[in-house]
Structures are given as C-alpha cells and as structure tokens.
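Counting from 1 along the sequence shown, just add 2 to a position and that's the residue number in this note's numbering.
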Amino acid sequence: MKKITILSKLKVWQQYCQTFSCRFKAGFSGFFETSRFTKRLVFYATLLLLGIVFTTNTYGQLVGEGAVKANFGVEADAYANFIGFSIISPNYTPPPPPGPGTDFLNTDDWFEKKSGLPVFWPGSGKGVIDQSNLGILASDPAGTVPYDLGNIMQNIMDNNNYSFEKRQSLTAADSGSNPDVKDVIAGFPVVETNGVNYLWLDAVYGRDYNVVGITGDAADKTWFTSGADKNADNPSSWTLGVGAGGPQKDDIIDVMAHLRGTEPQAPENPELDDRPFEELWAFAAATLRSTSGSKHIDFEFFRTLATIENNKIVNTGPVEQGGRNAFTFRTEVGPQGEFVGSVLDPGCILVSIDYSGGGRSPGVEIRVWMEESVFNSFDNNAPDRPFNVVAGTFVKGTDSGNFGYVQIAEKDPGVAGDESIFGRVNVEGSTLGTPWGTLEGPKADFSSEYLTLQHVEIGINLTTYGLDRRGSENPCANVLGSLLVKTRSSGGSVTSELKDFSGPYQFGFVIPPPEPAVKNLTACDAGSGTATFDLNNGVTNNGGGNISFHLSQDDAEKGLNALLSPDAYPSGDDTIYVRSVLPGSLCAAVVSFDITVNTVTLAASHTNVSCNGEADGTLTVDSFSGTGTPTFYLKKDAGAFVE
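Right, dumping it as structure tokens:
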C-alpha cells in the first residue's frame, strides 16, 4: 500500500478544482452576461486559475523520466545493453552525446547490436524485435506486390514509402532449441536476462508509410482523411484512406510495442487470478518525421483482432458498445469470491502522449472505454476497484451511443521515485536508429540515427492501473488484442483531429491451436460385446498440438479425466472429444469424432447334406443378408472342424 502524501492529495485537489472551475466559469459567465469586458475578464481569469492548478501535472498522472523497469530500458534509445540518456530509476547519467554511452546492467531493449561498427554493445540483454530477414513478407493494403524482407535496407533505399512489420524475436516455439527460452507458461516464452526470468507476451515493430514517398508512390496509404475523426468516435465511422500532405509532426515512421511480465508463474488459482506473472509492463515507442514542434501520439489497444477492409477498420468491438469492448465491473460478490468493484469484462485502453521540444519527459494520459451510467456510478472507494476515474472526463463521439473514453488514475497514487509511468524523449542528442534506419525531415531522408527530439518511449506498469486482467478464467481469453497507433493535430486526447495511423497490429491476442482433423472409427465386437480402439487412429492431423481424449466436452475443455488408449469400448455408439493444446499453453481447441461398435449376430438356417456312399460330389455354401465376411468350416462325423 502506497502512502498518502502531499503530492497525492494535490492530485485529488486538482481534480476537485477542475470540476469547481468549470462550474465557477459557467455560473459567473451567466451572471455577467451583459458585459463583454467582464465576460472576457472572467474567461481569462478562469484560464489563469486552471493554468496555475494544472501546471505541475496537467494529465493527473505522475510521469517519471527514463528508467529501467522489468529489465527493459525506457530511455529514448533502441538498443539492449546500452543506456544512451539519463535515467532516474536507477539514477544514472551517461556521457553526453555523441559519446559512447555505456554498457549497463545487461538491459533488454527493442534491438541488439553486439558486434559491428561504428559501435556495439555486448551483454546478456536481448532485443525483443526479430532482426532476422528470412521468409517474411509484407503486403500493402493498396494491393501492391509484397516485398521480401530478406533485404529490408535495399527496399527502403529503393522506396522510402516501403512499409513492413516485424514480430517478437523469441516465442514459445523456440523452447528446446534456444537456450534463452527457459520455459513456456500459458503459451508464452519465459526468457532469462541478467539472471532473471521474464514472461514475454508479445512484441511488434511497424514501419509506416509517409506522405513524401517517391515519384509514383508519394502517398501515405494509412491516413485519416475527413478532418473530423476523433478518438472517441466509433472506429467504424472513421474515414480512412490516402494522405498526400500534412505537417511532418503528424507523420508516423516507426512504432514499437512490447508486453512483459515479472516473476513468471503458473496461476495457482486461475478462477480468482488468471495472471501468469506478478506485474505486467507495457512498453511503447514511436518516431515521427519531424524533429521540432509539439507532438501528439496515441496508442489504442483493442480487445479484438482489428483489421482494415476497404478503407474501414473492422472487428474493433461490439456494435452495441459503440464499436469497442467496454469495461464492466462486479456489482456483487462473484461466484469465486470476487470482490465488488473488480473487473468483470476488460475493455479498450487509450494511452495518449504529448510532448514538446522543451521537456525530456512526455505527458501521458490513460483512458478506458466505458458506458456513461457505469462511469456515473463508479465508486472510487470500492475496495477491489482497479483504478480511479477522473471526474468530468467522460467523452463520447460519433456513433458511440452512450459509450465513451474516461480518464483514469491510480487508485493509490505514486510519489516521485515511485511512479508507475516512465517516459523519455531524446532531447540531448541523436541516437542509433533501427537496424534498417529511419526517415526524417521534409523529404523523408534516410537516417541511420534518431535525430534529436525525434524519438519518444514510454513504460507503464499496467498492474498498478488494474489493466492486467483478462476478465475471464478462460485460458483462451486475450491479454489485449490489437494495437493502433495514431497522431493528433493538437493536445486533447479525445477531442483533437486524428491525422496519421499505423496498424492495426496483432498485439496480446491469444491464438488458439489449430483444430485437429478427425475421422469416425468403426469395429465389430467379435461376439464379445466389446471392441478395442486406438483413439489416435481417429486423429488424422493433430495441428501441432498435444492431444488428449475425453468422454465429455466439459472434461475436454478443462483437461480432466483423459482416456487411456488403446482401450475397449462396449457395443453401441460413443462420442470421443479431442483436446489439443500447444506446448506450455492451457488454451485448447476441442473437436469430436464417433466410435461405433457393431454387434455380430449369426442367424443361420441350413439344410443338412448327405452323401450317397462314396460317390464324388460338390457342395456349394453361400451367405446372404448380414455384413462382414463369414468363415465356413466342414466337420466330418465326430472329427475336427476343417476350414
């Protein structure tokens, strides 16, 4: 439990002041309605009051500067085993750029550079983004021919409007073949760095289109085109298309995101707590083409696998919830003892970043999607609430119905040195860019470095904000779903005009294993009333999962009472349920096939045959009706049967 401090009380006081100021302004502007001078005086005085109150913390979030958290560097450089700019947790200041920085704590980061020139940083730290170039294709929604990522650098040099995606460098599939993957829990790799294990849930890098491009391809193919799209709108109402112009500060070049958990562990009581970690951290970074001016970037996390179809973003959430999944909360004690106020259904999350040329630490605002009546009745004193909502911050948009984005704050506010959000801008100088470089300036020129003020990075402890739950004990429930990165024309995360976007990218989406291919099995009981089956013969393709067999759908879904195989089954019909899980996962695909045991019934009528003395003759025996192939025997007098 964090201590209540003067700073935390100040944050609460600021929220009250915000509400009071709005009411003060509304009441007095009506009272002095007849005087333009007085109205102006009240207006500017109110703005001054608001400015004074919110100077220290505009967003209501306490944002620390650079840091190393969960062994991941949040310091506006992109490489493992290296700290390029000062951090506060732990406190460290490297040599000023363009100095070499330092090897530091074997930290993880977006990429690795352990050899080569002009610099390299050896250590046990790892890059979370895949740097291999084998067999990965990137297609573009405009329908151009895909590029082979086997030569990323050449593709970028040939066409600076080249867009592609890279995924996490280590996955559960690397278990057993890569010594860095120590285990697999809940389908995610456990990766050791600096002697400590971390759960890598997902990572993605995206190179976006830009509005400069080259002759014949001078357009950003992922752009908000209406001039009126806002974050609080139903995503289906957004007008998406091609952007051929706009300020450099709105033009996205690089985006990155990573989820990792501390202290990986199989949940001891998944009905009450399905988390395979102690704390969940989200890290994100973005690069814009501009190196000056104020910048406004959003990271929106959907709970579904959103995609773009015909210049529309689809599958972002239920239509009846305004196009997104909404947070809901328990209003009574749950069946497993869950407390009132705890998350029943997790919803979409919006993380907004604003920064200008003067500050090293960006402003960060976190919002969640919620129905208006849920917001109005939200109890900031409920013992098991995940967060506090900030009064007066509910904003809905076009076609969102009664749903909107709500600003949240930690329910137990941090103090300086105990922050849950960290952020850093490369104010002091340039730093090495991605392994394939970046783009900057009016002509989107290639650069091997992130120029000063071009790169921003944040880290958020999602656990302290109650945003680390899937809201379901179903092991196939998503941790998140997908990610869309956007820029805005100005501050005001839900009211400013949206400009550029990158994505959506799959992020934190739990993919169930492929369903096994099965076939029915049939056998006869040979008169014994049973037949023996090897149930594996009913599976023609296991889809890469581990297979078990069960007599009920419920047992198969829960992995209970697995059947032995081969085994005997009585005459009649049975349904066998096949459970398939990927190694280390609890998320199962379940299919079924039938086994049939036919009873053999011999109903024979005959006519005795007699021979006349020792005369030769022939005997013809035939069967009709029934199934199967009969076997006939000949018996002479009291002798043995002869087949």
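Heads up, the beta-carbon is just placed ideally off N, CA and C, and yes, glycines get one too. Keep in mind that this is a model prediction, so the values were computed, not measured.
Alpha-carbon spacing of residue i relative to residue j, whole angstroms
i: Arg38; j: Ala221; result: Any reading at Arg38 is ruled out, since the residue's pLDDT is 46, under 50, leaving its predicted position unreliable.
i: Gly325; j: Ser292; result: 32 Å
i: Asn544; j: Asn600; result: 27 Å
i: Pro249; j: Tyr357; result: 16 Å
i: Pro444; j: Pro437; result: 22 Å
i: Gly178; j: Ala479; result: 26 Å
i: Glu67; j: Ala80; result: 16 Å
i: Ile254; j: Asp300; result: 11 Å
i: Ala528; j: Val602; result: 6 Å
i: Lys128; j: Tyr200; result: 12 Å
i: Asn317; j: Phe84; result: 39 Å
i: Val593; j: Ser484; result: 27 Å
i: Val487; j: Ser567; result: 50 Å
i: Ile131; j: Asn196; result: 18 Å
i: Asn162; j: Glu374; result: 44 Å
i: Phe509; j: Leu482; result: 6 Å
i: Met159; j: Pro120; result: 20 Å
i: Gly86; j: Gly439; result: 17 Å
i: Gly403; j: Leu352; result: 18 Å
i: Asp110; j: Asp176; result: 18 Å
i: Phe26; j: Asn378; result: Confidence in Phe26 is poor, its pLDDT being 35 and thus under 50, which makes the residue's placement unreliable; the coordinate value appears in the next sentence. Those two C-alpha atoms are separated by around 21 Å.
i: Leu469; j: Ala519; result: 37 Å
i: Pro506; j: Ala308; result: 6 Å
i: Ile154; j: Ser134; result: 10 Å
C-beta contact flag for residue i and residue j at 8 Å
i: Gly319; j: Asn312; result: no
i: Gly349; j: Ala384; result: no
i: Val597; j: Phe535; result: Val is not the amino acid found at residue 597; the sequence shown has Ile there. It is a contact, given that the beta carbons lie within the stated cut-off.
i: Ser91; j: Val70; result: yes
i: Glu499; j: Gly229; result: yes
i: Val1; j: Lys223; result: The requested residue 1 does not occur in the structure, where the chain is confined to residues 3 to 645.
i: Val366; j: Arg471; result: no
i: Val198; j: Asn73; result: yes
i: Val408; j: Ala234; result: no
i: His552; j: Leu565; result: yes
i: Gln202; j: Arg262; result: The residue asked about is misnamed: residue 202 is Trp in this sequence, not Gln. Yes, they are a contact pair.
i: Gly2; j: Pro364; result: The question about residue 2 has no answer here: the residues shown for the chain are numbered 3 through 645.
i: Asp256; j: Thr241; result: no
i: Trp283; j: Ile462; result: yes
i: Arg369; j: Ile423; result: no
Whole-number beta carbon distance between residue j and residue i, since they are thought to touch under 8 Å
i: Phe405; j: Trp371; result: 6 Å
i: Asp347; j: Thr330; result: 4 Å
i: Ala288; j: Val76; result: Actually they are not in contact, since the Cβ atoms of Ala288 and Val76 sit about 13 Å apart, beyond 8 Å.
i: Leu584; j: Gly189; result: 6 Å
i: Val186; j: Ala174; result: 5 Å
i: Gly547; j: Ser582; result: 3 Å
Own chain, CB closer than 7 Å to residue i, minus 5 neighbours either side, in chain order
i: Glu442; result: Arg291, Thr293, Ser449, Leu453 and Gln456
i: Asn539; result: Leu523
i: Glu451; result: Ser432, Thr433, Leu434 and Gly435
i: Arg305; result: Gly319, Asn327, Pro348, Gly349, Cys350, Asn480, Leu482 and Gly483
i: Asp386; result: Phe341, Val342, Gly343 and Ser344
i: Phe45; result: Residue placement at Phe45 is poorly supported in this model, since its pLDDT is 41, which falls under 50; the coordinates are not used for a value here.
Own chain partners of residue i with C-beta closer than 6 Å, once the 5 adjacent residues on each side are dropped
i: Cys24; result: Confidence at Cys24 is low in this model, with a pLDDT of 36, below 50, so its placement is unreliable and the value that follows should be read with caution. Cβ neighbours of Cys24 beyond the five flanking positions: none.
i: Gly295; result: Lys251
i: His260; result: Val130, Ala205 and Phe285
i: Glu517; result: Ala591 and Val593
i: Glu114; result: Ala82 and Gly129
i: Asp401; result: Asn236 and Ser239
i: Lys168; result: Ile131, Asp132 and Tyr207
i: Thr633; result: none
i: Pro514; result: Cys478, Cys589 and Ala591
i: Ala28; result: Bear in mind that the predicted position of Ala28 carries a pLDDT of just 37, short of 50, making it too unreliable to give a figure here.
Spatial neighbours of residue i in its chain, beta-carbon cut-off 8 Å, leaving aside the 5 residues before and after
i: Tyr571; result: Thr532, Ala533, Thr534, Phe535, Ile597 and Val599
i: Asn382; result: Asn390, Val391 and Lys413
i: Gln267; result: Ile187, Pro278, Phe279 and Glu280
i: Gly247; result: Val213
i: Thr489; result: Lys251, Asp252, Asp253, Ile254, Leu290, Lys297, His298, Ile299, Asp300, Leu500, Lys501, Asp502 and Phe503
i: Tyr579; result: Phe551, His552, Leu553, Ser554, Gln555, Asp557, Ala558, Val592, Val593 and Ser594
i: Gly574; result: Thr598 and Val599
Worksheet item: Mind pulling the alpha helix (DSSP H) runs of 4 or more residues that sit fully within the segment 342-396?
Response: 374-379
Worksheet entry | Length-filtered (3 minimum) beta strand (DSSP E) runs lying within the segment 163-236 | 166-169, 183-187, 190-195, 198-209 and 222-226
Fill in: beta strand (DSSP E) segments (min. 3 residues) lying fully within the segment 239-268
242-245 and 254-264
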